[in-house]
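2 protein chains.
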Amino acid sequence: MTVSRAALVDLLGALAYGELSAFDRLAEDARTAPTLASRAALAKMAGAEIGHFRLLEEYLTGEGVPVEQAMAPFVKALDGYHASTAPHDWLEALVKVYLGDGLAVDFYRAVAGFLPEPSGSLVRQVLADTGHSAFAEREVAAAIAENRQVRDRLALWGRRLLADAITQAQYVVAEREDLAELFVSGFGDLSGIAVLFKQLQKQHSRRMSALGLA
Amino acid sequence: MTVSRAALVDLLGALAYGELSAFDRLAEDARTAPTLASRAALAKMAGAEIGHFRLLEEYLTGEGVPVEQAMAPFVKALDGYHASTAPHDWLEALVKVYLGDGLAVDFYRAVAGFLPEPSGSLVRQVLADTGHSAFAEREVAAAIAENRQVRDRLALWGRRLLADAITQAQYVVAEREDLAELFVSGFGDLSGIAVLFKQLQKQHSRRMSALGLA
Numbered sequence: 001m002t003v004s005r006a007a008l009v010d011l012l013g014a015l016a017y018g019e020l021s022a023f024d025r026l027a028e029d030a031r032t033a034p035t036l037a038s039r040a041a042l043a044k045m046a047g048a049e050i051g052h053f054r055l056l057e058e059y060l061t062g063e064g065v066p067v068e069q070a071m072a073p074f075v076k077a078l079d080g081y082h083a084s085t086a087p088h089d090w091l092e093a094l095v096k097v098y099l100g101d102g103l104a105v106d107f108y109r110a111v112a113g114f115l116p117e118p119s120g121s122l123v124r125q126v127l128a129d130t131g132h133s134a135f136a137e138r139e140v141a142a143a144i145a146e147n148r149q150v151r152d153r154l155a156l157w158g159r160r161l162l163a164d165a166i167t168q169a170q171y172v173v174a175e176r177e178d179l180a181e182l183f184v185s186g187f188g189d190l191s192g193i194a195v196l197f198k199q200l201q202k203q204h205s206r207r208m209s210a211l212g213l214a
Numbered sequence: 001m002t003v004s005r006a007a008l009v010d011l012l013g014a015l016a017y018g019e020l021s022a023f024d025r026l027a028e029d030a031r032t033a034p035t036l037a038s039r040a041a042l043a044k045m046a047g048a049e050i051g052h053f054r055l056l057e058e059y060l061t062g063e064g065v066p067v068e069q070a071m072a073p074f075v076k077a078l079d080g081y082h083a084s085t086a087p088h089d090w091l092e093a094l095v096k097v098y099l100g101d102g103l104a105v106d107f108y109r110a111v112a113g114f115l116p117e118p119s120g121s122l123v124r125q126v127l128a129d130t131g132h133s134a135f136a137e138r139e140v141a142a143a144i145a146e147n148r149q150v151r152d153r154l155a156l157w158g159r160r161l162l163a164d165a166i167t168q169a170q171y172v173v174a175e176r177e178d179l180a181e182l183f184v185s186g187f188g189d190l191s192g193i194a195v196l197f198k199q200l201q202k203q204h205s206r207r208m209s210a211l212g213l214a
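Line by line, the protein sequences are chains A and B.
For the first sequence, the positions run 1 to 214 when UniProt numbering is used.
For the second sequence, the positions run 1 to 214 when UniProt numbering is used.
As structure tokens, this is what we get:
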């Protein structure tokens, strides 16, 4: 399928702002880390997000588009998501990192499947795990093993994250025509998008289980 | 000269915590950046600090010392410096990044001169400019060109940073015997250290001039 230049720039711009926001959030979470070791671990993950950001910036610059220009249309929705899901403590922060990034990775990986090269490979490279997963699983498992109340609270939190992410994603698609068109033709039709959403929900549930929050 | 293992671990631990703190501070400053482009610029600098942190962590791990253990003795002094010099706005933040990093680089470069290999090269590699300098010079120059009051305020701020950095450095040396011994034998004697301090002050003044704050 053909992908319009405008849609591709939108997609990479949204991804770039996602990385910059993830950096921001991880850097902030690092400050609430309970130990110097976990603070360093989160700082390193934030650094890895910036490595990914640089790849996208480089590609967009090569296409003659300043990264800040490509990101601008997505600032509001992503900031809205992060503001509405600001974690109250270290564990909520970790659960958010784990589930939120998982969701983003699933989504972009599905999209990468119908992107032309080299942008398909670029997106897959940007999605490489920055070490969140193993770290979050370990920390959350240790915390909920001792406390059922904490587990219940985090389980609610995890479900809310999915709902808020979907809400903001819908705002974005409603405002960006080229992007909406890309998704509709990429996933076949509107029912293809419905199938994708079902898959995303299923993988979200799988990750909730991996954290012990099912 | 021989450098004791304890002194070397201290030195690299202090440097590692310096990088982690610099990351933290740059990430926080990024949030107050006036544009998306300057926010991305600061985030990339923060990412580069983490790249340097990783080098130190790798080396210390190879020596059998967890990086958090090596950093621990220096948390209080560096946090104290950052708390006493918390910038009130974006320009103070930039001036602090520029002058503070310049000071640290001058100091560690002098120390690297008497370190055995491979730690001397490691320190020099960690000191590589992460792009702060050109960025800060440009932004500060633009701001003070239009406003003499801002210039005077930032000039005072720059002088205070030097005083606070020296105060905290003295606390550290007073508490870490191995490190104090390393400096004394490395710089010849106590008068060698006095010479170093004069040099640091001179280079600080030179950087103040480069910012237009002399």
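Think of the CB as a built atom: it goes at the ideal place given N, C-alpha and C, for glycine as much as any other residue.
For clarity, every value in this text was computed on a predicted model and none was experimentally measured.
So, for residue i: in the same chain, excluding its five sequence neighbours on each side, which residues have a beta-carbon less than 7 Å away from its beta-carbon?
i        : result
Ser191/B : none
Tyr81/A  : Asp164, Ala165, Gln168
Val105/B : Leu127
Ser133/A : Tyr98
Leu161/A : Thr85, Lys96, Leu99, Gly100
Tyr171/A : Ala77
Leu213/B : Arg151, Leu154, Ala155, Gly158
Does residue i come out as helix, strand or coil in the three-state DSSP assignment?
i        : result
Leu115/A : coil
Phe197/A : helix
Asp101/B : helix
His88/A  : coil
Met1/A   : coil
Leu190/A : helix
Ala141/A : helix
Ala134/B : helix
Gly212/B : coil
Go to residue i, then tell me how far its alpha helix (DSSP H) extends in each direction, as first and last residue.
i        : result
Glu175/A : 148–175
His82/A  : 75–84
Met71/A  : 67–71
Ser38/B  : 36–62
Phe23/B  : 5–31
Ala128/A : It is not in any alpha helix (DSSP H) - Ala128/A carries neither H nor E in the DSSP assignment.
Can you find the residues in the same chain that come closer than 6 Å, C-beta to C-beta, to residue i, ignoring five residues on each side of it along the sequence?
i        : result
Ser84/B  : Asp164
Ala14/B  : Phe74
Ala7/A   : Asp178, Leu179, Leu182
Phe135/B : Ala41
Gly102/B : Arg207
Leu211/A : Val140
Glu92/B  : Trp157
Phe107/A : none
Val9/A   : Val65, Ala70
Leu26/B  : Leu42, Met45, Ala46
Gly186/A : Phe114
At a threshold of 8 Å, does residue i count as lining the ligand ZN (C-beta to nearest heavy atom)?
i       : result
Gly80/B : By its list of ligands, the structure shown contains no ligand whatsoever, and the ligand ZN lies outside what it can speak to.
Who are the Cβ neighbours of residue i in its own chain at under 8 Å, not counting the five residues just before and after it?
i        : result
Val173/B : Leu179, Ala180, Phe183
Met1/B   : Phe114, Ser185, Gly186
Phe197/A : Ile166
- Item | Validate contact between the region 66–86 of chain A and the region 18–32 of chain A using beta carbons, cut 8 Å, 3 pairs | yes
- Query: Which residues, in chain order, does the region 26–37 of chain A contribute to contact with chain B at a C-beta distance below 9 Å?
  - Reply: Leu26, Ala27, Glu28, Ala30, Arg31, Thr35, Leu36, Ala37
- Message: Check whether the region 47–62 of chain A and the region 109–126 of chain A are in contact - that is, three or more C-beta pairs closer than 8 Å.
- Response: yes
- chain A contacts made by the region 64–75 of chain B, where a contact means CB separation under 8 Å: Pro66, Val67, Glu68, Met71, Ala72, Val75
- Task: With 9 Å as the limit, tell me which residues of the region 150–171 of chain B have their beta carbon closer than that to any beta carbon of chain A; keep them in chain order.
- Result: Of all residues in the region 150–171 of chain B, none is placed with a Cβ closer than 9 Å to any Cβ belonging to chain A.
- Which residues, in order along the region 119–145 of chain A, keep a beta-carbon less than 7 Å from a beta-carbon of chain B? none
- Task: Please name the residues in the region 89–107 of chain B whose beta-carbon is closer than 9 Å to at least one beta-carbon of chain A, in chain order.
- Result: none
- Task: Could you name the residues of the region 187–201 of chain A whose beta carbon sits closer than 9 Å to any beta carbon of chain B, in the order they occur along the chain?
- Result: Listed by position, the residues of the region 187–201 of chain A near chain B (Cβ gap below 9 Å) amount to none.
- Message: Under 7 Å, CB to CB, which of the residues in the region 10–27 of chain B have a partner in chain A?
- Response: Correct list: Leu20, Phe23, Asp24, Ala27.
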